[in-house]
Amino acid sequence: MRFLLDTEQRAFAASLDAMLGSADTPAAVRAWAGGDHVPGRALWSRLAEAGVFALAVPEAYEGLGPLPVDLAVAFVELGRHAVPGPVVETVAAAALLGGLSALGEPGPAERLLPDLASGKSPATLLLPDPAESSPRSGTADPAALSGGHALDADAAAVSLVVDGDGLWLAAGHGPVRASLDPARRLARPDSGGELLAAGPGVARAALRALAWARLATAAQALGVGLALLGRTVEYAGRRTQFGVPVASFQAVKHRLADALIALEFARPLLFGAALSMAPADVAAAKVTACEAAYGTARTALQLHGAIGYTAEYDLSLWFTKARALRSAWGTPAVCRAEALAGLSGGGRPRS
Amino acid sequence: MRFLLDTEQRAFAASLDAMLGSADTPAAVRAWAGGDHVPGRALWSRLAEAGVFALAVPEAYEGLGPLPVDLAVAFVELGRHAVPGPVVETVAAAALLGGLSALGEPGPAERLLPDLASGKSPATLLLPDPAESSPRSGTADPAALSGGHALDADAAAVSLVVDGDGLWLAAGHGPVRASLDPARRLARPDSGGELLAAGPGVARAALRALAWARLATAAQALGVGLALLGRTVEYAGRRTQFGVPVASFQAVKHRLADALIALEFARPLLFGAALSMAPADVAAAKVTACEAAYGTARTALQLHGAIGYTAEYDLSLWFTKARALRSAWGTPAVCRAEALAGLSGGGRPRS
Amino acid sequence: MDLDLSPADEAFRAEARAWLDEHVPAVPPPSLETAEGFAAHRVWEAELAADRWSVVSWPAEYGGRDADLVRWLVFEEEYHAAGAPGRVGQNGVSLLAPTLFEHGTAEQRARVLPSMATGEVVWAQAWSEPEAGSDLASLRSRAVRTDGGWLLRGHKTWSSRAAFADRAFGLFRSEPGLEKPHRGLTYLMFDLRAPGVTVRPIGRLDGRPAFAELFLDDVFVPDEDVIGEPGQGWRVAMSTAGNERGLTLRSPGRFLAAADRLAALWRDRGDPSDTALRERVADAVIGARAYQLFTYAHASRLLEGEGIGSESSLNKVFWSELDLALHETALDLLGAGGESADGAWCEGYVFALAGPVYAGTNEIQRDIIAERLLGLPKGRR
Amino acid sequence: MDLDLSPADEAFRAEARAWLDEHVPAVPPPSLETAEGFAAHRVWEAELAADRWSVVSWPAEYGGRDADLVRWLVFEEEYHAAGAPGRVGQNGVSLLAPTLFEHGTAEQRARVLPSMATGEVVWAQAWSEPEAGSDLASLRSRAVRTDGGWLLRGHKTWSSRAAFADRAFGLFRSEPGLEKPHRGLTYLMFDLRAPGVTVRPIGRLDGRPAFAELFLDDVFVPDEDVIGEPGQGWRVAMSTAGNERGLTLRSPGRFLAAADRLAALWRDRGDPSDTALRERVADAVIGARAYQLFTYAHASRLLEGEGIGSESSLNKVFWSELDLALHETALDLLGAGGESADGAWCEGYVFALAGPVYAGTNEIQRDIIAERLLGLPKGRR
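Residue numbers (this note's numbering), protein chains in the order written: chain E, 11 to 361; chain P, 11 to 361; chain U, 0 to 380; chain G, 0 to 380.
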C-alpha cells in the first residue's frame, strides 16, 4: 500500500509542465480555435515525443502502455495548460484499438496504433450512447454521450465511428460547429467510410474506450481546475479594491478554500480509478473532477471580475474548457448513476 | 394592484407577536414536549380569542373566514414564536369540514367547526397520500404525506382520518412516538371510529385541506426562519471570538445575508399563494419557505456554535421545527413537482 | 392585499400584446453584439418608437406613454413573453434618461431624448476604469476645464455596447486631489466619434465584442453636455443609480419568459423521470415567480411613496443567481449537446455569467445586505 | 503507486473480520448518551480488550497489537462495516493516550493506559470554556499551586461523555497574566468524582446528555497527574492535537459504512426513477470513497515520514460536510417518516450536525486552508 506517485511520475509531470509552460500554449489554443492547427500540431509532436500518447498504446504496437496512472499524470498537465486538440479522443481511440486486438482482432491496431503513439495521427472518435452502461441521462438526445459530434474531426488524421457492431474509419466530416469552448471544434463524421472491424468485440472495445476517455477527461479537468485556482489565487493577491488585496476578504478566501477542497478530494478518486480502471471508479472520478473544475471555474470568474470574462485574457481558455469537459463523455448525471451502481456495498477497499 | 399587507393586517401580526412574546412560549413548548399540555392549551385559548382559528372557519359556523391571507399573517407569528400543538392540523381540519359543507355536506361542519373556531377543540388530521396530486415523492412509504401519523393526536379533541371516500372521527390513537422536534408528538389514530361522511366530496375536501395545511405550514416555516435569523443576528453581534464580534467576519455576514435573501423571496410566494390558493402556488410557497427556514436553521446552528446545539438553549426549539416542517404535508420533492406542473406557461401574472 | 390589475391596466396589457403579436419578427435579428445585429436592433427600436412602445414610461412629449410602474412591469412581461428582441438602447434609456429627467436641463432633454427613443442615437455607459471596478469612487479619468467646455483624458473600460454605439456618458474627475474620492467628479456626455476618442472592442468569453475600452485623449465636451453642476457628478449619478425602472427593479418579465422557455424545453426534451433535472427546472420556475411577486410588492411600496432602500441588494443577488441557475439548467438539460455555441441558451448563459459581477459584485451586495438590512457591524470592505 | 495490502495486512483484516462477525451483538446496545447505554458500551469495550481489539494501534504491553497506520485504517473499516457499537473510550484513546505516549512518564502510562484499554476507566475531554470555543488560547480556568499538587478552579463546558465518564483531562491556566495567552497553561488529568467537582449534564438537540458542564471548586490534583512540564500545556496539547489516528485521520471506515447503509436504504426504499435523490446518494457514496482514498494517500505520506500539515483542515471540512449530507439524504429518503426520532438515521443526523462546529469550526478551517495552503494574506480572524 503506497498510494503516492513515485519520483519518476512526479518528474514526468514536472517535465511536461515545464515544456508546456515554455511553449506559449495559449497562442496555440487561440490559433486552434481559429482553425489554424499548425502551432497545435507542433505541440502535439512534442507531447508525443514525451510519450504521452504511447501510454495508451500497448508495447506490441510501438507504445509504452497501457499505463493509465501515468496517463492520468500526463493529462493533469495537459489540462493545466489547456492543451488544444483531440487529446482525450486519441487516447480513447488507442484504447479501442488495443482492446480489439486483445479480443483477437489485431488488424486495425497494427495499421493505426503506431501512428497514434508517435503523434503522427491525431485521432477522434464517435461512440454510440452505450445503453447498457448509461442509465437515463436527463436528455432525450439520442447521442447523449457526445452530442453527436466527434471532437476536432477537422484536425484528426483518423476518425473512428462505432455504429452498433461495426467500427468505421470515416472518410470526412460535416460542417464544423462552434463549442462554448472555442478551442473545441465539433463536427459529425460522415457515415460509412471503411469498415475496420465488426462483431460483438467492437462494443466491448468501445466500453474500454469510454473508460479511458473518462479517465483522461477527469485528469484533464483536474488540471484545468488546478490552473484556474492557481491563477485566481495569484490574481486575488495582486488586485486591490477598497485599498486592500481582494485575497484578504474572508469571503474570497473561503471560496478559494472550497475550490481547493473539491480539487484535492477529486485527485485520489482519479488515481484510484487509474489503478482499477473499473467503470464505476472511472465514472466517480469523472464526475467529481469535472464538478470540482467547473465549481472552481465559477469561483475564478467571480473573483476576477470583468477581466475574467474577456476573450483576450487567458482565464477564458480554462473557464470554457471546464464547462465543456463537464458534459463530454458522460454527463454528471450519467456518471453519478454508474458510480452508484458500482461503488456501493461492502465498505471495504476495492483493490 | 396593491401587493402589501394593510394596516389592520400589520396590527394583527404585531398584536400576536406581542402576546406570544410575553407569554413565555418557550416554557409552553418544553412542557408540551414532555406531554404536559396545560400551558400550551392556555396559549391555544388566547390564540383562539385573537381569532386565529376562526380565520379558517366560514362565518356560517361561527368563524371569520375563510381568510387565507390573514391566516398566513397569523401563522408567520406562530412560527416566529415556535407555538406548539396541532395548529396547522386544526386549520386543515377546518378547511376540510368547510369544504365538505360547500359540497353539500354541512353536518360535520355544523357539529365540529364552532368548537374549532373557538379554540375549544384542537384538531388533528390524517390524509392519505393524494395520488392524483402527488407525483413520485422519492419514497416507497405508503403514507408519504405524514409518515402515517397525525400530529399531536394525544392532545387533540378531534382526530379526523380520511380513508378513501370516507371521513372518520377516530376514537383513540396508538403510542406516541418522538419526533426530531420534541414538541411534535406523533401518533397513528386508531382506524374505524365514527363515520362522519362518505362519497367523492371527501376526497375533494381533502385536497382543499391539503392546500390549507401547506399554506399554514409555509407561513409557520417563514416565521420560524425569521426568528432563527433574528436570534442569530443578535447572538453574532454579541458573541466575541478572537477579540471581535463574530458578526464582523465577512463569512458570517454573507451567510446571514443569504438567509435573509431566501426568506424575503419566500414571503411574496406565501402571500401570492394565499391570494390564489391555487395548488401550484401553495406548493411553491411551501417548498420555498421550508427550504429557506431550514437553510437559515443550519446557518443559525453553525454560527451559534456548540450552544445552539443544546436542548436547554431556546434555539433548538426553532431548529428542530424547521427540520420537521420541511417534510410535513408534502416533501420538497413533491411540492416542487406540483409547482412545476401548475406554474409553467405564459410568463404572465396568474391573478 | 391584491394582485389585480385595473381594467385600464388590463386594456394596456391587451394593447401591448396585440401590437407585439403583430410586430415581433418571427426570426430574431442577429446577436446584438455584432455589427449587423446592432444595426438590425436599431431598426427594431425605430419600429417600436413609431407606435410609442420604445419608452413607455417616459412622458408623452418625449415619445412615451406616461406608464406608471405597474404598467411598465406589465409591458415588460408582455415584451419578453412575446420573445421580442433585446433592447439596444437600454443603457441610455435606463441609466442616462432618468438622470436627465432629474438633473438635466429642458434643453438637454429636448436634444437627447427623442433620438434616444428612436434608436437613432445609441448610448454606451462609461463608468468603469481598469483600477476602479466595484470601487467606483477611485476613478482617475479627468475632465480638464477649457474654453467653453472640458477636455476628457483617461481610460475607461467594460463600456457595454461601446463597440458600436454613438455616444457615451460617465463620470470624470474635474477637481483632482480632493481628500474624499467621491468629491470633484463631473457627469458628462460625449461623442464616441469625436476627435481623440479611440474605441477598442473587447471580446466576451464567446469572442463577441459586448464591451469596449475607451481611450480619451483631450476629447472636447461643450458645457452643454455636463449634467448637473460640475463637481457634483457622484451625487448626480447616485441619485438615479437605483432607478426603479433600471437595475433596481430589473424586469421580472425577462426571467419569467426564460423560465417559461426552460419549462417548455423540459417538456420537449426532458426525461420525465429525471427528477434531478425536474427539481432544478421547478426551482427556476418558482424563482422567476418569486422574483415577479417580490417586484410587485416592491412596486406597491414605491407607489405608496416609499423610497428605494438597500433591499435592492436583495434583488441584485437573487436575479443574477436565478439567471445563471436557469441557464445552467438548460445547458444540462441539453446534455453533451449543450456544449454547442450555436444556441440561444449558450448565448444566454454567457450573458448570465456576468450578472454576479457587474452593477456591484454579489459579494459587495451581501456586505450591504448584512450591514444595512441586518445591522451587522461594518467590517473592512 | 498501488492500493494493495500486504499478505500480512490481509491476514490481519481477515482475523479482525472473523472476530467481529462472531462478537458484534446482533441488537445494538442502547444509545451511548444514556446511563444504561454507557454501561453497556463499557461491557463491549471489555469484550474487545479481552481479545486485544480495543486499542489495536497501541504497543502490545498496554493491550494493543502495534498496528501501523494502514492496519489501523483496515481495522476501522472492518469495525464499522460490521456495524459494531460506538466507542465509549474514544476521547481517552484518541486524545489522551497519544499525549501520554509522547509526553507522559512510564509511571503514568502504566497507571492510566490499561484501564483505559478495557473501558474500566472512561475519560472525558475538558477543553472548552464558555468564553473559549474555537479560540482555545483564551482559557480562564485555573490550576493553583498547592502542597504536592494543584487546585483546579473554574468552569469547563462541552465536555463530551462527561455526564457518565470517570475521569477527565484538559488545560488549565497555571501562570495567569502572561502576555501571550498560549503560555502558562498546564495539562492535567483529574477525577470527575473528586471533591469539588460538579458535573451538570447538558442535553443535546434531542435532549440526550451528550456532554456536560464541569464546575471545579478547588479540586485537588496530585503532581503525578500533570502531563509534561507545568506551564507547557499548550505545547503538550498541540503536539498531539493533530494525532494521526484521532481527528486528523478521522476514520474513513465510519463514513464508508454509513454510505453503504445509505445505498442499501436507497435500494430498499428509494424510488428508482427519483434521480434527484439518487444523485445525492451517489454523491455520498462517492464522497466516502474519496475520503477513504484521500486518507490512504495521507497515510502513505505519513509512513514515508512526512509530518501532518495544514491539509488536516481539508479533512475536517470534507468529512463533516460529507457526514451531514449523508444523513440529510437518508432523512429525505425516508420522507415525512424521517421526522421520527426513533431511528438510527435521526440519531446520526443529530450527531453529524455538530461536526462542522467542533474541533475548530469549519470557518476557521477554511481560514487555515486559505492562509496556510493557498498562501493568501492573513485577514483579521
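Glycine included, every Cβ here is placed at the ideal spot set by N, Cα and C.
Practice task
Look up U/Met188 in the DSSP assignment and give the residues it is bridged to.
Solution key: U/Met188 is bridged to U/Phe168.
Problem - Separation of E/Leu225 from E/Met11, as counted between CA atoms - result: 22 Å
Practice task
Tell me the start and end of each unbroken alpha helix (DSSP H) in the region 77-161 of chain U that is at least 4 residues and wholly inside, in chain order.
Solution key: 96-102, 105-117
Handout entry: Proximity below 8 Å, CB of G/Val121 to CB of G/Arg249
Key = Taking 8 Å as the Cβ cut-off, G/Val121 and G/Arg249 do not qualify as a contacting pair.
Handout entry: Near-chain G residues of the region 328-345 of chain U - C-beta to any C-beta below 9 Å
Key = none
Problem - Contact residues within the region 292-320 of chain P, judged by C-beta distance below 8 Å to chain U - result: Ala294, Val297, Thr298
Handout entry: Distance between P/Ser32 and P/Ser25 (C-alpha atoms, nearest Å)
Key = 11 Å
Exercise for the section: Name, please, each residue of chain U whose Cβ falls closer than 8 Å to the Cβ of G/Thr274. Expected result: Ser272, Asp273, Thr274, Ala275, Leu276
Handout entry: Three or more C-beta pairs below 8 Å linking the region 283-290 of chain U and the region 110-119 of chain U
Key = Using a C-beta cut-off of 8 Å, the region 283-290 of chain U makes no contact with the region 110-119 of chain U, since fewer than three inter-stretch Cβ pairs fall below that distance.
Problem - Cβ shell of G/Leu302 (< 8 Å), same chain only, five flanking positions each side left out - result: Closer than 8 Å at Cβ, skipping near neighbours: Asp67, Leu68, Val69.
Practice task
In angstroms with no decimal places, state the Cα-to-Cα distance between E/Pro124 and E/Ala104.
Solution key: Each residue's alpha carbon lies about 10 Å from the other.
Exercise for the section: For G/Thr117, decide whether its Cβ has a neighbour in chain P, counting only Cβ atoms nearer than 8 Å. Expected result: Chain P contact via Cβ: absent.
Handout entry: Cα-Cα separation between G/Asp322 and G/Asp222, rounded to whole angstroms
Key = 41 Å
Handout entry: Within-8 Å CB hit, E/Glu7 to chain G
Key = Outside the shown range of chain E, which is 11 to 361, sits residue 7 of chain E, and nothing can be said about it.
Practice task
Name, going along the chain, the residues of the region 153-166 of chain U whose beta-carbon falls closer than 8 Å to a beta-carbon of chain E.
Solution key: Identification of residues in the region 153-166 of chain U having a C-beta nearer than 8 Å to some C-beta of chain E yields Thr156, Trp157, given in sequence order.
Problem - Closest Cα partner of G/Met115 within the set G/Val143, G/Ala164, G/Gly334 - result: G/Ala164
Handout entry: For E/Leu51, three-class secondary structure by DSSP
Key = Note that residue 51 of chain E corresponds to Arg in the displayed sequence, not to Leu. DSSP places E/Arg51 in helix when its eight states are reduced to three.
Problem - Which of helix, strand or coil DSSP assigns to G/Asp331 - result: helix
Exercise for the section: Answer with buried or exposed for P/Ala21, where buried requires no fewer than 16 other C-beta atoms within 10 angstroms of its C-beta. Expected result: With fewer than 16 other Cβ atoms inside 10 Å of its own Cβ, P/Ala21 counts as exposed.
Exercise for the section: Taking only the alpha-carbon atoms, compute the straight-line gap between E/Gln260 and E/Gly240 and give it to the nearest angstrom. Expected result: 18 Å
Exercise for the section: Measuring alpha carbon to alpha carbon, tell me which of P/Glu204, P/Gly202, P/Gly184 ends up nearest P/Leu196. Expected result: Checked all of P/Glu204, P/Gly202, P/Gly184; the closest Cα to P/Leu196 is P/Gly184.
Practice task
Take the Cβ of E/Leu205 as the centre, count every other Cβ of all protein chains shown within 10 Å, and call the residue buried at 16 or more, exposed below.
Solution key: With fewer than 16 other Cβ atoms within 10 Å, it is exposed.
Exercise for the section: In the DSSP assignment, find the unbroken alpha helix (DSSP H) run with P/Glu87 in it and report its ends. Expected result: 78-90
Handout entry: U/Leu19 versus U/Leu2: straight-line alpha-carbon distance, rounded
Key = 24 Å
Exercise for the section: Measure how close the beta-carbons of U/Arg172 and U/Arg141 come, nearest whole angstrom, since I'm counting them as under 8 Å. Expected result: 5 Å
Practice task
Say whether chain P places a C-beta atom closer than 8 Å to the C-beta of U/Ile226.
Solution key: no
Practice task
Would you mind telling me which residues of chain P sit closer than 8 Å to E/Asp267, beta carbon to beta carbon, in chain order?
Solution key: Correcting the residue type first, residue 267 of chain E is Ala in the shown sequence and not Asp. Within 8 Å Cβ-Cβ: nothing; E/Ala267 doesn't reach chain P, min ~10 Å.
Exercise for the section: Name, going along the chain, the residues of the region 357-373 of chain U whose beta-carbon falls closer than 8 Å to a beta-carbon of chain E. Expected result: Tyr357, Thr360, Asn361, Glu362, Arg365
Exercise for the section: Grab the span of the beta strand (DSSP E) containing P/Gly176 for me, first residue to last. Expected result: In this chain, the beta strand (DSSP E) harbouring P/Gly176 covers 176-179.
Exercise for the section: Would you grab the beta carbon distance between U/Gly232 and U/Leu170 for me? Rounded to a whole angstrom, and I think it's under 8 Å. Expected result: Yes, U/Gly232 and U/Leu170 are in contact; Cβ-Cβ is about 5 Å, under 8 Å.
Problem - Beta-carbon gap between E/Leu279 and G/Leu292 smaller than 8 Å - result: Yes. Within cutoff.
Problem - Beta carbon proximity, E/Ala28 to chain U, threshold 8 Å - result: no
Handout entry: Proximal residues of chain P, C-beta to C-beta of E/Gln260 below 7 Å
Key = When 7 Å is used as the limit between beta carbons, E/Gln260 is near these residues of chain P: Phe259, Gln260, Ala261, in chain order.
Exercise for the section: Would you kindly work out how many angstroms separate the C-alpha atoms of P/Leu77 and P/Phe281, rounded to a whole number? Expected result: Answer to the nearest angstrom: the Cα atoms are 12 Å apart.
Handout entry: Closest by C-alpha distance to E/Glu301, when choosing among E/Ile317, E/Ala338, E/Tyr319
Key = E/Ala338
Exercise for the section: Take E/Pro145 and list the residues in its own chain whose beta-carbon comes closer than 6 Å to its own, dropping the five residues that flank it on each side. Expected result: Because E/Pro145 carries a pLDDT of 38, less than 50, the predicted location of this residue cannot be relied on, and the following value inherits that uncertainty. Excluding sequence neighbours, E/Pro145 sits near Ala347.
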